[in-house]
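Trainee:
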Amino acid sequence: VQLQASGGGLVQAGGSLRLSCTASGSISPINVMGWYRQAPGKQRELVANIRSAGVTNYADTVKGRFTISRDNVNNTVSLQMNTLKPEDTAVYYCNYKPFDGTTHWGQGTLVTVSS
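Using the working numbering, you'd call the opening residue of the sequence shown number 183 and step up by one each time.
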């Protein structure tokens, strides 16, 4: 399985960005796709994930600002990030967890929010 992420960049506080990630290869029909982030000097943390059935989960720090969605036909997960804050600055990693319990990571995309 390969994950290709795109959409990071530099934005001012209060702005918006949209991240997308496409999974390719042998994709399980039952899976969880999501986004994690890692800021300098901090541990990687869950931002949001979404099950293949559409159930979503968000970190408290992004609830109400970020929206995760997916396209099961194209094996794509997207993260719409609104009202961005400087503390959202991090490398964002796409994540795919199939039914067999394994975990796959994308290459990471940098999001920088300036104050």
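Yeah, the Cβ is synthetic: ideal placement off N, Cα and C, and Gly gets one too. The structure presented is a predicted model; accordingly, all values stated were derived computationally and were not measured.
1. Please report how far the alpha carbon of residue 176 lies from the alpha carbon of residue 230, in whole angstroms.
2. Identify, in the order they occur along the chain, each residue of the same chain with its Cβ nearer than 6 Å to the Cβ of residue 240, setting aside the five sequence neighbours on each side.
3. Assign residue 211 to one of three DSSP states: helix, strand, or coil.
4. So the candidates are 232, 224, 199, 204; which of them puts its Cα closest to the Cα of residue 289?
5. Does residue 248 pass the burial test, meaning 16 or more other C-beta atoms within 10 Å, or should it be called exposed?
6. Please name the residue in 250, 234, 265, 270 whose C-alpha comes closest to that of residue 226.
7. Return yes when the Cβ of residue 250 is within less than 8 Å of the Cβ of residue 298, no when it is not.
8. Use the C-beta contact count for residue 201: other C-beta atoms within 10 angstroms, 16 or more gives buried, fewer gives exposed.
9. On the premise that residue 199 lies in contact with residue 263, defined as a C-beta separation below 8 Å, what is that separation, rounded to the nearest angstrom?
10. Report all residues from its chain with a CB closer than 6 Å to the CB of residue 212; omit the five preceding and five following residues, and keep chain order.
Mentor: Taking the coordinates as given:
1. Outside the shown range of the chain (183 to 297) lies residue 176, about which nothing can therefore be said.
2. 230
3. coil
4. Selected option, being the one with the closest Cα: 204.
5. buried
6. 270
7. Missing from the structure shown is residue 298; the chain here goes from 183 to 297 and no further.
8. buried
9. Indeed they touch by this definition, with Cβ atoms about 5 Å apart.
10. 234, 281
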